[in-house]
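S.K.: Dropping the structure in here first, questions after.
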Amino acid sequence: MPVHISPWQTDEGTASTEAKRSPQIDEAESMRQMMRQMGMGGDEVRPRVIMQFPANANDMLLSGMLSGGQALSNKPLILDATLGQGHIVMFALRPFWRWQTQGTFFLAFNAILNWNDLDSGKSAVPERRRESAETPGQQ
């Protein structure tokens, strides 16, 4: 007699009707919901892209090897998200990984040393609100 590990699997090896009826979770929507619960804002408040990977995968390394660099092309490298009156700076790389990446140390130290000026270069009014303010007929 075979051992049944999962209650969602029938003897024939196919998923049961309960598993077929369960809805698929949209990962992006569940992440947005979690961010709202944590106080990180809704869809109108998006993290600001500070730095992104180059468009050409061949421009990412000066020496060494990179496998799958095209998956990183034009993706965010550093993000700045506001949380209340503070900031969360997120890195897509490890600035302090081992002792071999001394050239990336300045990325983290810059965020630490300039913690009070993380809003510099950011527009005062978000784009969506600026457009709604210019709508004629509203006062």
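Numbering (numbering that gives the first Met the number 0), first residue to last: 0 to 138.
All C-beta atoms in this analysis are idealised placements derived from N, C-alpha and C, irrespective of residue type, glycine included.
Keep in mind that this is a model prediction, so the values were computed, not measured.
(1) Quick check on this structure: which residue in I77, G85 and G83 has the alpha carbon closest to the alpha carbon of N94?
(2) T103 and L92 look like a contact to me (Cβ under 8 Å); what is the Cβ gap, rounded to whole Å?
(3) Between which residues of its own chain and P75 is the CB-CB distance below 7 Å, once the five residues before and five after are set aside?
(4) Go ahead and pull the three-state DSSP assignment for Q51.
(5) With the cut-off set at 8 Å, would you say A54 and S72 are in Cβ contact?
(6) Determine the DSSP secondary structure at M89, reduced to helix, strand or coil.
(7) How would you write the range of the beta strand (DSSP E) that I77 sits in, first residue to last?
(8) Looking at the structure shown, is N113 part of a helix, part of a strand, or coil, going by DSSP?
(9) Where does P94 sit, in a helix, a strand or coil, going by DSSP?
(10) Count the other CB atoms within 10 Å of the CB of L106; is the residue buried (16 or more) or exposed (fewer)?
(11) Closest by CA to A110, which one among M89, S122 and G68?
(12) Suppose contacts are defined by Cβ-Cβ distances below 8 Å. Is D25 in contact with P46 by that definition?
M.R.: Concretely, from the data shown:
(1) The sequence as given places Pro at residue 94; Asn does not occur at that position. Selected option, being the one with the closest Cα: I77.
(2) 7 Å
(3) V48, Q51 and A91
(4) strand
(5) yes
(6) strand
(7) P75 to L82
(8) coil
(9) coil
(10) buried
(11) M89
(12) no
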